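The opening residue of the sequence shown carries number 53 in this note's numbering; numbering runs sequentially from there.
Encoded as structure tokens, the structure appears first; notes follow it.
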Amino acid sequence: MRRLISGARTAFARGDATFVAGFGIDTRARVSTKAVRKEMDKTVTAVEPIGWESFGVQPFLSTVHIDFAKSR
């Protein structure tokens, strides 16, 4: 989580217009939808206070990518 927040702060300070965060899902384990949504909520609540606004979620195979745009 620290690396995610650090990356979001760096991208914001650098002046990037968008930021993409993602996490992997272990396909061998039985991961519930509730657990995936909880991880998504944790990611969004960690990144949005920095100045980013979530605008899209894209599942891809065993990963989830969350797109953010500058809100200020």
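Note that CB positions come from ideal geometry on N, CA and C, so glycine has one too.
Quick caveat, the model's predicted, so the values are computed rather than measured.
Pull up the CB-CB distance for I77 and S123, whole angstroms please, since I reckon it's below 8 Å.
Not confirmed; about 27 Å, so no contact.
Kindly confirm or deny that the segment 101-115 and the segment 55-69 touch, where touching means at least three C-beta pairs closer than 8 Å.
yes
Output the distance between the C-alpha atoms of V109 and A87, rounded to the nearest integer angstrom.
15 Å
Going along the chain, which residues of its own chain have a beta-carbon closer than 7 Å to the beta-carbon of A69, five neighbours each way excluded?
A121, K122
Determine the direct distance from the alpha carbon of R54 to that of V99, and round the result to whole angstroms.
11 Å
DSSP beta-bridge partners for I39?
Lying outside 53 to 124, the shown extent of the chain, residue 39 is not represented and no answer is given.
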